[in-house]
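J.:
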Amino acid sequence: MAPTLPALLCLGLSVGLRTQVQAGTFPKPIIWAEPSSVVPSGSSVTILCQGPPNTKSFSLNKEGDSAPRNMHPALKPWDKANFFISNVREQQAGRYHCSHFIGVNWSEPSEPLDLLVAGEEPAGRLRDRPSLSVRPSPSVAPGENVTLLCQSGERTDTFLLSKEGAAHRPLRLRSQDQDRRYQAEFSLSPVTSAHGGTYRCYGSLSTDPYLLSQPSEPLALVVSGLTWYLSVLIGVSVTFVLLLLVLLFLFLHHRGQDRRRKSRAADPGPEDRGPQSSSSPGADAQDQAIYAAVSDAHSEVGLQLDHRAATSEAPQDVTYAQLNHSTIKRAMATPPAPPSGEPPAEPSEYAALAVR
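Numbered according to mature numbering (1 follows the signal peptide of the UniProt record, and there is no 0), the sequence shown spans residues -23 to -1, 1 to 333.
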């Protein structure tokens, strides 16, 4: 009885480990197709399966087939296997899974991969090539709402939207009948730079979900430009700069007006000037003497000035006389001596008046 207890313990541990492996202790492998899971009829494709390092073997299974394909990893770290399929036809279309072998059992199967074959046209299949359009425009900015519209004039159950180089599976939508025209709207809202690329649209029937129609013409979606808030920020900045320029212009204009106003106040016109003060007492006495001499003189020029002032029609007219000091000084020279027997004449001063 004693030897049976250790044997039972070892059996229990072995069953426990095997149960953990069967329960999915090891992570599921990852499966994808290159260059795409949508394959034109007659072309080739590679299905890749990746698991943890040092995997002993990988197995590729197609639903409906009883014979899986097994392959050993070819390169270190022994975590990936490449299953190459050439000349893909209707028979290769379907849903695939892969598993990896580590330890004593196989892992859980991977997520499904739908291998779609486009362009097969036997009797009863889709022959119409769908059309693909975009709203509002094929060139949009990040954050905008974009709708890709796939349409066909032939009865179609499902539309698929595929992007070139995308790792994810194509988008599927049930078609809607709009006046005998079948269509589906794929919404990309809001778009980012990751949405940019080349898209194609396909149609399929529910009876053959893995066989697709001919692809639509490619549509290039360009997501570029500044985000809307950055555009608003630039607009506000430009407006602010223009406002500063306007304020600077008004400031300079007002400053120039102030300078002209001060210049006029500091340099009044002839009508605003009073008697100018002289810089020396001698000059003051000379000016007073000249002013007195001109006031007392009864010369012909003075009479003419009085006559013009009296005969002026406008009472506000004023006649000004400008004295030339140098001329007055020359006129104050001593006159020649009188003949004998006559009393000496009193000295006279003459002023040349310029009437304006």
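All C-beta atoms in this analysis are idealised placements derived from N, C-alpha and C, irrespective of residue type, glycine included.
Source: prediction; values computed, not measured.
Going straight from the alpha carbon of Arg151 to that of Tyr187, what length do you get?
T.: Counting from 1 along the sequence shown, the entry for residue 151 is found at position 174. Counting from 1 along the sequence shown, the entry for residue 187 is found at position 210. Rounded to the nearest angstrom, the two C-alpha atoms are 15 Å apart.
J.: Smallest Cα separation from Pro17: which of His145, Phe3, Ser193, Ser36?
T.: As a first step, residue 17 is located in the sequence shown; it is residue number 40 there, counting from the start. Checking every option, the nearest Cα to that of Pro17 belongs to Ser193.
J.: Does the separation of the CB atoms of Arg106 and Gln191 fall below 8 Å?
T.: For the purposes of this step, residue 106 is taken as residue 129 along the sequence shown, with counting starting at 1. For the purposes of this step, residue 191 is taken as residue 214 along the sequence shown, with counting starting at 1. Contact flag set, yes.
J.: Give me the residue from Arg132, Tyr176, Pro147, Leu220 with the minimum Cα distance to Thr184.
T.: Sequence index remark: in the sequence shown, residue 184 carries index 207 (1-based). Answer by Cα proximity: Arg132.
J.: Report, in whole angstroms, the separation of the C-beta atoms of Gly41 and Leu103, which I expect to be a contact under 8 Å.
T.: One-based indexing of the sequence shown puts residue 41 at position 64. One-based indexing of the sequence shown puts residue 103 at position 126. At roughly 22 Å, the Cβ-Cβ gap does not stay under 8 Å, so Gly41 and Leu103 are not in contact.
J.: Please classify Val209 as buried or exposed, where buried requires at least 16 other C-beta atoms within 10 Å of its C-beta.
T.: On the sequence shown, residue 209 is found 232 positions in, with the first residue counted as 1. Label assigned to Val209: exposed.
J.: Excluding the 5 residues preceding and the 5 following Pro54 in the sequence, name in chain order all residues of the same chain whose CB lies nearer than 8 Å to its CB.
T.: Along the sequence shown, read from residue 1 onward, the residue named residue 54 stands at position 77. Taken in chain order, the residues that qualify are Pro30, Asn31.
J.: Leaving out five residues on either side along the sequence, give the residues of the same chain with a beta carbon under 6 Å from the beta carbon of Lys140.
T.: Counting from 1 along the sequence shown, the entry for residue 140 is found at position 163. Same-chain partners within the cutoff: Gly174, Tyr176.
J.: Does the structure place the segment 107 to 115 close enough to the segment 79 to 90 that three or more beta carbon pairs sit under 8 Å?
T.: Verdict: no, contact absent.
J.: Does Phe217 pass the burial test, meaning 16 or more other C-beta atoms within 10 Å, or should it be called exposed?
T.: The count along the sequence shown starts at 1 and reaches residue 217 at position 240. Label assigned to Phe217: exposed.
J.: Just verifying my parser: in three-state terms, what is the DSSP assignment at Asp235?
T.: Start at 1 with the first residue of the sequence shown, and residue 235 comes out as number 258. Note: Asp235 maps to helix in three-state DSSP.
J.: Taking the alpha carbon of Ser21 as the reference point, which residue from Ala70, Pro6, Phe78, Glu162 has its own alpha carbon closest?
T.: Mapped onto the sequence shown, residue 21 falls at position 44. Out of Ala70, Pro6, Phe78, Glu162, Ala70 has the C-alpha closest to the C-alpha of Ser21.
J.: Within 10 angstroms of the Cβ of Ala44, are there 16 or more other Cβ atoms? Answer buried if so, exposed if not.
T.: If you number the sequence shown from 1, residue 44 lands on position 67. Under this definition Ala44 is an exposed residue.
J.: Between the alpha carbons of Val215 and Arg146, how many angstroms are there, rounded?
T.: Position 238 of the sequence shown, counted from the first residue, corresponds to residue 215. Position 169 of the sequence shown, counted from the first residue, corresponds to residue 146. Near 45 Å, if we compare the C-alpha coordinates of Arg146 and Val215.
J.: Go to Gln160, then tell me how far its beta strand (DSSP E) extends in each direction, as first and last residue.
T.: Sequence index remark: in the sequence shown, residue 160 carries index 183 (1-based). Note, Gln160: beta strand (DSSP E), 159 to 165.
J.: What does Leu126 pair with, by DSSP beta-bridge criteria?
T.: Taking the first residue of the sequence shown as 1, we reach residue 126 at position 149. Answer by DSSP bridge pairing, in chain order: Ser110, Glu162.
J.: Is it buried or exposed for Gln153, if we count other Cβ within 10 angstroms and need 16 for buried?
T.: Position 176 of the sequence shown holds residue 153. Exposed.
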